[in-house]
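Presented below is the structure to which this report refers.
In my numbering, the protein residues as written are 15 to 169.
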């Protein structure tokens, strides 16, 4: 999950955004995750952060995003198209989509990339945000002599 606090620190969310979400989640049991509530409350804030990112004039941040997209284009293009298509089809499985895109016909891929380019950009932004946060967490853990293999901390 992408930290809203870090998105705030990056200047992409407001303090009010954080307080509203913290108030809502304070009422939840700490031992369980209410995924429906997470989707309902956090996903609109990811969209808001994305809009702020697009409007931002921080060249360093934008350049870091461009570099991420270039470095990981070998999987990021397909992934962002897949996620945009999944959203467009309201979460239905890929084999329920139009046959041309389900079979990855090149002309269908081009058409959908053009149609869903903005959504693909959004999903690239989410991946960039997660990657950036994960990299920082991993570096911090390594500095404390905690080695992370996959998602398992080893002390």
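All residues carry an ideal CB built from backbone N, CA and C; glycine is no exception.
Close beta carbons around residue 21, own chain, < 6 Å, minus the five adjacent residues each side: Within the chain shown, the letter at position 7 stands for residue 21. Excluding positions up to five away in sequence, the list reads 27, 63.
Could you tell me the distance, in whole angstroms, from the CA atom of residue 67 to the CA atom of residue 41? On the chain shown, position 53 is the one that residue 67 refers to. On the chain shown, position 27 is the one that residue 41 refers to. Roughly 30 Å between the two C-alpha positions.
Between the C-alpha atoms of residue 135 and residue 103, what's the straight-line distance to the nearest angstrom? Residue numbering aside, residue 135 sits at position 121 when the chain shown is read from its first letter. Residue numbering aside, residue 103 sits at position 89 when the chain shown is read from its first letter. Cα to Cα, the separation comes out at about 17 Å.
When the Cα of residue 36 is compared with those of 55, 23, 45, 16, which residue comes out closest? In the chain shown, the residue the question calls residue 36 occupies position 22. When only C-alpha atoms are compared, the closest one is 55.
Under 8 Å by Cβ, that's how I've got residue 144 and residue 16 pegged, so tell me the actual separation to the nearest angstrom. One-based indexing of the chain shown puts residue 144 at position 130. One-based indexing of the chain shown puts residue 16 at position 2. Contact holds; Cβ gap of about 5 Å.
Touch test, the segment 146-160 against the segment 89-109, Cβ-Cβ under 8 Å, three pairs minimum: no
Could you pull the start and end residues of the alpha helix (DSSP H) that residue 20 belongs to? Working through the chain shown from its first residue, we reach residue 20 at position 6. Per DSSP, residue 20 belongs to the alpha helix (DSSP H) from 18-23.
For the alpha helix (DSSP H) holding residue 163, just list the boundary residues, first then last. Working through the chain shown from its first residue, we reach residue 163 at position 149. No alpha helix (DSSP H) contains residue 163, which is instead part of the beta strand (DSSP E) from 161-163.
Going by DSSP in three states, residue 143 sits in which element: helix, strand or coil? Here the question's residue 143 lines up with position 129 in the chain shown. Residue 143 falls in the helix class under three-state DSSP.
Kindly confirm or deny that the segment 75-84 and the segment 100-114 touch, where touching means at least three C-beta pairs closer than 8 Å. no
Starting from residue 79, trace the alpha helix (DSSP H) both ways and give me its first and last residue. If you number the chain shown from 1, residue 79 lands on position 65. Taken as a continuous stretch (DSSP letters only), the alpha helix (DSSP H) holding residue 79 covers 73-85.
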